[in-house]
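Q: Please read through the structure below; I'll follow up with questions.
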Amino acid sequence: MIFADRIKKIREEFGVSQESFAEKLNISRQAVAKWEAGSAMPDIDNLIEISKIFQVSLDYLLLDRNCSNVTTITKCENFEIINFLIEAKKNTYANFSAGKVEPSRLASVDLAYESGDFKYLDTFVGGANFSGSEVVYHKKTPIWSMNYIGRLLSDEGNQSIDFLTKVLAQVSSEMPYRGPAFLQDGKYVYINSAYGEFNWFQGSEKIYYEDEQVYELVYHGGTVR
């Protein structure tokens, strides 16, 4: 029953329904329900795909190993980091720069959020042209970081900040770096592309206003140890 318990726990912590999970794997919802009930097991191809979707190891899915007892965050616990990261982002810059704390660098803006053993810190400098970094700590040890640099390309770019804030509030477990892959609101269009995995990734986001690009940002990051 280890797999049944683990897969249900991970799915629920990511906020993914059985239907959505089944669609990702191109299987029926009934198959997922059987896995979680312990009456059936996925084949090896689906096991590998599950490990990729939720960024967990096969050992964690199948063996009696409790990652919560490990001091250093490992790959099998990425879902915990991701859940915290999403919560932190929604409570800082995606919430009109909530969580402001004392600057850690000259002329920087710092946003912080804490929950349990986790702490998040976003530090950036600049205005229309800006750069910064986000770090997640576990028990005061840095475990994940992302660097970014962005700029506004026109006056409409200045007006797009409110739209961008709405976009970033929709950060999800599927793409926990910035916003969703695509979002449109009136004349504004947001596009976000990411490559790699949570442990090592890079990506970019753009905003268009009536087909004119008015904002761009590039980012990269991964786990640190």
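My numbering numbers the first residue of the sequence shown as 3 and each following residue consecutively. Note that beta-carbon positions come from the ideal geometry of N, C-alpha and C, so glycine has one too.
Can you list, in chain order, the residues of its chain with a C-beta nearer than 6 Å to that of Ala114? Leave out the 5 residues immediately preceding and following it.
A: If you ignore the 5 residues before and after Ala114, its C-beta comes within less than 6 Å of the C-beta of Gly101, Val103, Leu123, all in its own chain and listed in chain order.
Q: Would Tyr62 be called buried (16 or more neighbouring beta carbons within 10 Å of its own) or exposed?
A: Around the C-beta of Tyr62, 16 or more other C-beta atoms lie within 10 Å, and the residue is accordingly described as buried.
Q: Cutting at 6 Å between CB atoms, please list the residues of its own chain near Val34, excluding the five before and the five after it.
A: Gln20, Phe23, Ala24
Q: Touching or not, the region 205-215 and the region 178-192, by the rule of three or more beta carbon pairs under 8 Å?
A: Enough Cβ pairs lie closer than 8 Å, so yes.
Q: Which residues in the same chain have their Cβ closer than 6 Å to the Cβ of Val191, if we skip the five residues on either side of it in sequence?
A: Tyr210
Q: In whole angstroms, what is the alpha-carbon distance linking Glu82 and Leu27?
A: Straight-line measurement puts the Cα of Leu27 at about 22 Å from the Cα of Glu82.
Q: Entirely within the region 100-162 and at least 4 residues each: give me those alpha helix (DSSP H) ranges in chain order.
A: Every unbroken stretch of the alpha helix (DSSP H) spanning 4 or more residues and falling wholly within the region 100-162 is given here in chain order: 157-161.
Q: In angstroms with no decimal places, state the Cα-to-Cα distance between Lys36 and Thr167.
A: 40 Å
Q: Give the single residue among Glu199, Val173, Ser162 whose Cα lies nearest to the Cα of Leu87.
A: Val173
Q: DSSP three-state call for Asp47: helix, strand or coil?
A: helix
Q: Mind checking whether Ser106 and Thr94 have CB atoms under 8 Å apart?
A: no
Q: Beta-carbon separation of Asn160 and Tyr221 under 8 Å?
A: no
Q: What does the alpha-carbon distance come out to for the pair Gly17 and Val127?
A: 33 Å
Q: Given that a residue counts as buried once 16 or more other Cβ atoms are within 10 Å of its Cβ, and exposed if not, what is Leu154?
A: buried
Q: Which partner residues does Asp187 have in the DSSP bridge list?
A: Tyr190
Q: Taking C-alpha atoms, which residue in Phe165, Phe200, Trp202 lies nearest to Phe184?
A: Phe165
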